[in-house]
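Using the numbering used here, read the sequence shown as starting at 10 and increasing by one per residue.
Where a beta carbon is used, it is the ideal one built from N, C-alpha and C, also for glycine.
Remember, it's a predicted structure, so these values are computed and weren't measured experimentally.
A short write-up of the structure that comes next.
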Amino acid sequence: MIIWLNGAFGSGKTQTSYELHRRIPHSFVYDPENVGYFINKNIPKETRKADFQDYSMWRESNYTILKYIDSEYDGVIIVPMTIVDPQYFEELVGKLREDGIIVNDFVLSASKETLKKRLRKRGESKNSWAEQQIDRCMQGLSNDIFQHRIDTDNMLIESVAESIASTSNIDLLPDNRNKFRQRLDRIKTQIKHIRFMN
Numbered sequence: 010m011i012i013w014l015n016g017a018f019g020s021g022k023t024q025t026s027y028e029l030h031r032r033i034p035h036s037f038v039y040d041p042e043n044v045g046y047f048i049n050k051n052i053p054k055e056t057r058k059a060d061f062q063d064y065s066m067w068r069e070s071n072y073t074i075l076k077y078i079d080s081e082y083d084g085v086i087i088v089p090m091t092i093v094d095p096q097y098f099e100e101l102v103g104k105l106r107e108d109g110i111i112v113n114d115f116v117l118s119a120s121k122e123t124l125k126k127r128l129r130k131r132g133e134s135k136n137s138w139a140e141q142q143i144d145r146c147m148q149g150l151s152n153d154i155f156q157h158r159i160d161t162d163n164m165l166i167e168s169v170a171e172s173i174a175s176t177s178n179i180d181l182l183p184d185n186r187n188k189f190r191q192r193l194d195r196i197k198t199q200i201k202h203i204r205f206m207n
């Protein structure tokens with residue numbers, strides 16, 4: 010099974026993914042962005058696209074890798090990735106489903122104000138690239154192709170993960186961490202996923 014977490018930047022995809030990973034014993038977090046970074050590092054600058062999702066090879070490569078992992082790995086694959094273009098979503102998620110792979114996709118949504126606050130909290134400057142994408146993401150993700158929506162405005166990460174697990178019929182391990190440990194784990198996840206662009 011693949012759990013695909015979609016949503017605007019700041020919606021909580023990465024934190025929720027690692028919360029699920031902590032509480033699903035046999036699980037793996039797969040990051041499709043790494044394929045995009047690989048492509049951009051291995052082609053001439055003159056041929057690079059502004060958004061690596063626009064490369065058909067990005068979509069094809071991620072489809073192939075996810076299909077391989079699903080066939081070889083007997084566990085839950087968790088994919089935090091914003092895809093707002095319905096055609097791109099079909100070319101990747103739709104194609105996996107056509108192959109008989111279970112993909113439960115979720116859109117983590119929040120108000121524009123909440124998204125901006127979360128981006129500031131994680132160190133994004135005002136009018137950053139991620140903030141500039143909010144309107145595009147919210148508009149794109151309103152398409153009916155994106156099915157399960159979870160309003161995360163007033164939800165803790167733990168509650169979002171529990172909602173996803175419940176919908177996916179997955180039993181989570183109990184969360185025995187205290188508040189300090191939960192906060193520490195979130196900070197570690199945030200630091201681990203800071204991107205330094207060239």
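Item, Value
"In whole angstroms, what is the alpha-carbon distance linking Asp194 and Ala174?", "19 angstroms"
"Measuring straight from C-alpha to C-alpha, what distance separates Lys130 and Ser20?", "12 angstroms"
"So, helix, strand or coil for Leu14, using DSSP?", "strand"
"If you measure between the beta carbons of Val116 and Ile159, is that distance less than 9 angstroms?", "yes"
"Applying the criterion that 16 or more other CB atoms from any shown protein chain within 10 Å of the CB defines a buried residue, is Asn43 buried or exposed?", "exposed"
"What is the DSSP secondary structure of His30, counted as helix, strand or coil?", "helix"
"Return the first residue and the last residue of the beta strand (DSSP E) that Ser118 is part of.", "Val112 to Ser118"
"Kindly identify the DSSP beta-bridge partner or partners of Val102.", "None, per the DSSP bridge assignment."
"Can you name the start and end residues of the alpha helix (DSSP H) that Asp60 belongs to?", "Counting along the chain, Asp60 falls outside any alpha helix (DSSP H), and DSSP gives it neither H nor E."
"With burial defined as no fewer than 16 other Cβ atoms inside 10 Å of the residue's Cβ, what is the status of Ala17: buried or exposed?", "buried"
"Of all the options Phe98, Leu181 and Lys76, which has the alpha carbon lying nearest to the alpha carbon of Gly149?", "Phe98"
"In terms of alpha-carbon separation, which member of Met66, Ser118 and Gln191 lies closest to Gln156?", "Ser118"
"If you measure from the CB of Leu117, is any heavy atom of the ligand FAD nearer than 8 angstroms?", "Among the components of this structure there are no ligands whatsoever, and the ligand FAD is therefore not found."
"By DSSP's criteria, Arg158 is part of a beta bridge. Which residues make up the other side?", "Val116"
"Relative to the C-alpha of Asn187, which residue among Ile111, Ile11, Glu140 and Glu167 is closest?", "Glu167"
"Using 8 angstroms as the threshold, is the region 31-38 in touch with the region 73-87, meaning 3 or more CB pairs across them?", "yes"
"Would you kindly work out how many angstroms separate the C-alpha atoms of Val169 and Thr161, rounded to a whole number?", "7 angstroms"
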